[in-house]
Ligand SMILES: [Fe+2]
């Protein structure tokens with residue numbers, strides 16, 4: 001169980017302006033993403049629970065990638081069918097200026113996988129329901145067969161299209177809530193809150209089945 005919190009060990013609040021590594025992790029989580037796709041086996045699901053919540057903001061969004069896939073036009077479905085993308089936390093966090101180092105402050109360093117970068121299909125078939133869904137989000141990049149700019153444009157277009165009503169839900173937290181989700185067909189995101197108020201959340205990941213959640217290459 002990992003804390004996602006703006007409260008430091010000594011009880012003081014992390015200052016947004018300091019922009020330390022943990023703040024970069026909190027900010028990074030505000031981009032739509034799927035958990036652990038940058039590891040050789042992605043998480044199957046997650047449990048997120050609220051201990052202390054701010055009075056305004058700090059909702060968590062979920063987007064249904066099955067509905068998003070179903071809503072794509074046939075041309076786009078055909079275009080992405082055989083494509084895959086690399087997934088890396090180094091890539092997504094570098095956009096916020098977060099470079100993993102050995103002395104990584106209070107952040108545990110989880111996810112800064114240094115082996116070969118996992119490659120995952122853009123269209124994932126759910127192992128239990130057989131339904132197709134989009135496997136995209138902020139960790140995805142460098143689609144083999146496309147140049148960097150084309151790849152970035154396509155992935156951004158897909159996220160912009162996918163994470164829109166009626167396919168999204170934002171949960172407004174009450175202390176004591178726990179939300180469990182299926183990480184094999186949903187994206188999620190954090191949203192901003194007034195960081196002069198404390199927010200303490202606990203995140204546990206449910207291990208994925210290597211048969212269906214292993215990367216194509218890793
Ligand atoms: Fe997450």
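In the numbering used here, the protein residues as written are 1 to 218. Cβ atoms here follow ideal geometry from the backbone N, Cα and C, with glycine treated the same way.
Would you check whether ligand 1 has a heavy atom nearer than 6 Å to the C-beta of residue i?
i: residue 64; result: no
i: residue 35; result: yes
Can you list, in chain order, the residues of its chain whose CB lies under 6 Å from that of residue i, leaving out five sequence neighbours each side?
i: residue 86; result: 117, 119, 141, 142
i: residue 132; result: 69, 123, 125
i: residue 167; result: 63, 64, 67, 68
i: residue 169; result: 62
i: residue 185; result: 65, 66, 126, 133
i: residue 211; result: none
To the nearest angstrom, how far is it from the Cα of residue i to the Cα of residue j?
i: residue 41; j: residue 82; result: 20 Å
i: residue 197; j: residue 78; result: 47 Å
i: residue 150; j: residue 113; result: 25 Å
i: residue 13; j: residue 144; result: 43 Å
i: residue 194; j: residue 52; result: 13 Å
i: residue 26; j: residue 20; result: 10 Å
i: residue 61; j: residue 190; result: 6 Å
i: residue 76; j: residue 9; result: 48 Å
i: residue 23; j: residue 90; result: 16 Å
i: residue 217; j: residue 148; result: 19 Å
i: residue 130; j: residue 152; result: 28 Å
i: residue 67; j: residue 134; result: 9 Å
i: residue 139; j: residue 115; result: 15 Å
i: residue 96; j: residue 7; result: 21 Å
i: residue 173; j: residue 157; result: 29 Å
i: residue 176; j: residue 146; result: 45 Å
i: residue 15; j: residue 188; result: 24 Å
i: residue 28; j: residue 94; result: 10 Å
i: residue 73; j: residue 163; result: 16 Å
i: residue 48; j: residue 80; result: 31 Å
i: residue 92; j: residue 165; result: 25 Å
i: residue 171; j: residue 71; result: 23 Å
In chain order, what residues of the same chain have a beta carbon less than 7 Å from the beta carbon of residue i, not counting five sequence neighbours either side?
i: residue 159; result: 32, 136, 137
i: residue 109; result: 100
i: residue 46; result: 35, 181, 183, 203, 204, 205, 206
To which residues of the same chain is residue i closer than 8 Å at the C-beta, ignoring the five residues directly before and after it?
i: residue 43; result: 35, 36, 183, 205, 206, 207, 208, 213
i: residue 111; result: 36, 38, 39, 89
i: residue 192; result: 30, 57, 58
i: residue 229; result: Because the chain in this structure spans residues 1 to 218, residue 229 falls outside the shown range and cannot be described.
Which of the three DSSP states, helix, strand or coil, is assigned to residue i?
i: residue 84; result: strand
i: residue 111; result: coil
i: residue 75; result: helix
i: residue 159; result: helix
i: residue 28; result: helix
i: residue 201; result: strand
i: residue 120; result: strand
i: residue 189; result: strand
i: residue 175; result: coil
i: residue 49; result: strand
i: residue 12; result: coil
i: residue 209; result: coil
Does the Cβ of residue i lie closer than 6 Å to at least one heavy atom of ligand 3?
i: residue 61; result: Annotation note on ligand 3: not contained in the displayed structure, which lists ligand 1 as its ligands.
Pair every Cβ in the stretch 52–60 with every Cβ in the stretch 186–203, then say whether three or more of these pairs are closer than 8 Å. yes
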